[in-house]
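Enquirer: Sharing a structure, written as structure tokens. Questions coming.
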Amino acid sequence: MFLMFVMFLNSPIDELIVIVTALAYTLASVAIQRKLSNPVRLQEIQIQINKISKELNEMIKNNAPKEAITEKQKEIMPLMGESMKAQFKPMVIILPLFFIVYYALVPLIPIGVKSISLQESFFVAVLIIGFITSIALMIKDRAKAKKKMDEKSTD
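At position 140 of the sequence shown (counting the first as 1) the number is 140 in the numbering used here, and the numbers step up by one without a gap.
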């Protein structure tokens, strides 16, 4: 898929510059995201939210008083807010960085005649590399979390 997109570029130098720029941006954004958001804390929050949600569902099934249900719902709200803030914080840096690269740096790449613009190809390259990186990191984080949960359960 990625190679099909690259075939639209005529100059091999242009292809290389766009791919290297997209790769550098993607790696920088992943590094920023990992640095600014604590994946371990996000995992802990998710576990807490799941636990409280199960308790809440049980309370609803057992026709618990509305006050008790409301109190349980109030426990979830701060956790959800913290999770959203932690996930949004890296975007404050990553999105402006993307627009700087997309609108300021990519047009400066010397270009030959092409059937698609370098900005389009940069966007596609970032999208593809970003998906691959995200999936790899998600698998790694899940394996790490599972290993940590297994260690806790054996202790």
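All C-beta atoms, glycine included, are put in the ideal place defined by N, C-alpha and C.
1. Using the beta-carbon count (16 or more within 10 Å), is Val20 buried or exposed?
2. What do you reckon, are the CB atoms on Ile32 and Ile93 nearer than 8 Å?
3. Where does the unbroken alpha helix (DSSP H) through Pro78 begin, and where does it stop?
4. Look at Lys72 and Ser37 and say whether their C-beta atoms are less than 8 Å apart.
5. Roughly how many angstroms separate the alpha carbons of Phe133 and Ile76, rounded to a whole number?
6. Are there 16 or more other CB atoms within 10 angstroms of the CB of Met149, so buried, or fewer, so exposed?
7. Where Val113 and Leu16 are concerned, what is the direct C-alpha to C-alpha distance, given to the nearest angstrom?
Expert: In terms of the structure at hand:
1. With fewer than 16 Cβ atoms within 10 Å of its Cβ, Val20 is classed as exposed.
2. Cβ distance < 8 Å, so Ile32 and Ile93 count as in contact.
3. From DSSP, the alpha helix (DSSP H) with Pro78 extends over Lys66 to Phe88.
4. Against a cut-off of 8 Å, the Cβ pair of Ser37 and Lys72 comes out as no contact.
5. Reading off the sequence, residue 133 comes out as Thr, not Phe. Taking the straight line from one Cα to the other gives about 30 Å.
6. Burial call: exposed.
7. Here Val113 scores only 44 on pLDDT, less than 50, and its place in the model is too uncertain to base an answer on.
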